[in-house]
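Novice: Under UniProt numbering, the final residue of the sequence shown carries the number 133; numbering is consecutive throughout. Built from N, CA and C at the ideal position, the CB exists for glycine as well. Keep in mind the model is a prediction, meaning the values are calculated, not measured.
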Amino acid sequence: MAKEYSRTQRIGDQMQRELAQLIRREIKDPRVGLVTITAVDVSRDVGHAKIFMTVMGQDSAEEIAQSIKVLNAAAGFLRMQLAREMKLRSVPQLHFHYDESVARGAHLSALIERAVAEDGQHQAAPKQDGPEE
């Protein structure tokens, strides 16, 4: 049986695609950087949308905050452009948020790689130091 795919999920997916193109094409502010829209969470009443994003090349918290501030300031313009592209009766208010899951995932991957490397060193050590028969 197919999983239910709600209207808000469909709207969120389309908004994700459209916003990625609009930001790349229309936002020329150098403070924004290379933005990737990772997810869009639309409220049930389609009144608000949380847009989760990452910014490539900007690692400091203040650079990321500046990008989010610029995008939130341009939210009205982006909303107007979305209305033209998506042909919805009402387009949700846009709220941009930094998606920390990508950075958290990279950190966890680094921890796992380090643990595997240390485990490999510990397993190799007894074989070299053990008595020979």
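(1) How is K69 classed by DSSP in three states: helix, strand or coil?
(2) Can you list, in chain order, the residues of its chain with a C-beta nearer than 7 Å to that of T90? Leave out the 5 residues immediately preceding and following it.
(3) Does the count of Cβ pairs from the stretch 79-88 and the stretch 6-26 closer than 8 Å reach three?
(4) Between the C-alpha atoms of V35 and A65, what's the straight-line distance to the nearest angstrom?
(5) Opposite T8 in the DSSP bridges: which residues?
(6) Is it buried or exposed, F77, if we count other Cβ atoms within 10 angstroms and call 16 or more buried?
(7) When we look at the beta-carbon of A73 and count the other beta-carbons within 10 Å, is it buried (16 or more) or exposed?
Specialist: With the given structure in hand:
(1) Indexing the sequence shown from 1 puts residue 69 at position 69. Residue state, collapsed to three classes: helix.
(2) Here residue 90 is taken as the residue at index 90 of the sequence shown, counted from 1. The question names Thr, but residue 90 in the sequence shown is Ser. Taken in chain order, the residues that qualify are V46.
(3) yes
(4) In the sequence shown, the residue the question calls residue 35 occupies position 35. In the sequence shown, the residue the question calls residue 65 occupies position 65. When rounded, the distance between both Cα atoms is 13 Å.
(5) Locating residue 8 in the sequence shown gives position 8, where the first residue counts as 1. Answer is none; T8 lacks a bridge partner.
(6) The sequence position of residue 77 within the sequence shown is 77, counting from 1. Burial call: exposed.
(7) For the purposes of this step, residue 73 is identified with residue 73 of the sequence shown, where counting begins at 1. Exposed, by the Cβ-count rule.
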